[in-house]
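Just so it is clear: in the sequence shown, position 14 is 21 by the numbering used here, and no numbers are missing. Written out below as structure tokens is the structure these notes cover.
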Amino acid sequence: MINSMSPDEAKIMSLFAVEEMLPVIDVRRFLKDEEDYSFVARAFSFIGREAGCTFVTLTPNYLDNLSRLGLLESPGALGLGAPTISGPNTYEPLEESFNSLKAAVESAGGRIQFGRSFVRITDLGRQFCQACVIEKASAGVRSKGMEEILEQPATIP
């Protein structure tokens, strides 16, 4: 499993070792008088930034791969009306990142719609973090596999 991860994905898993779930949004743009939409951003979050990823813009791809590996999951991915995290100021900072775009689209008669969801760690992801992040960090040593991943030079996949 470790061999299928990039250094940035290892950093994301280190973040999920201490965070159960984190918010993500999909941003859709509807043009004037149209029901069809286009994605402005898919699975936008601050996860990559909070984890210290080198290529923050690739965070949605990293989340996809970590989901494919069974370490993370996103209930209701790509669907409006998906389960959300309740709590004050959870999604607003993400949505505010698109204020200028929202204003421009609305001035042209269109609209921006946010689909709120979250990414959470799976049971397998918890086991992975326990074995490769928490136990090794508390012992002052990382597993060789995780250490190699975090020390790899960052390259664009």
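We treat Cβ as the ideally placed atom computed from N, Cα and C, and that holds for glycine.
Spanning the alpha carbons of LYS109 and VAL34 requires a straight line of approximately 10 angstroms. The residue from ASP71, GLN120, ASP130, THR97 with its alpha-carbon nearest to that of PHE46 is GLN120. Under the Cβ criterion (8 angstroms, minimum of three pairs), the region 91 to 105 does not count as touching the region 54 to 70. Comparing alpha carbon positions, the residue from LEU73, PRO30, PHE37, GLY55 closest to ASN10 is LEU73. Around the beta carbon of ALA17, 16 or more other beta carbons lie within 10 angstroms, which makes this residue buried. One thing to note: GLY117 has its Cβ within 7 angstroms of the Cβ of LEU38.
Here PRO30 is bridged, per DSSP, to PHE125.
By a beta-carbon distance limit of 8 angstroms, GLU57 does not contact ARG127. Their separation comes to about 15 angstroms. Per DSSP, PHE51 is one residue of the beta strand (DSSP E) stretching across 44 to 51. Distance from the CA of MET12 to the CA of VAL31, rounded to the nearest whole angstrom, comes to 21 angstroms. The alpha-carbon of GLU80 is positioned some 19 angstroms away from that of LEU101. Taken through DSSP and simplified to helix, strand or coil, PHE135 comes out as helix. Assignment of ILE92 by DSSP, reduced to helix, strand and coil, places it in the coil class.
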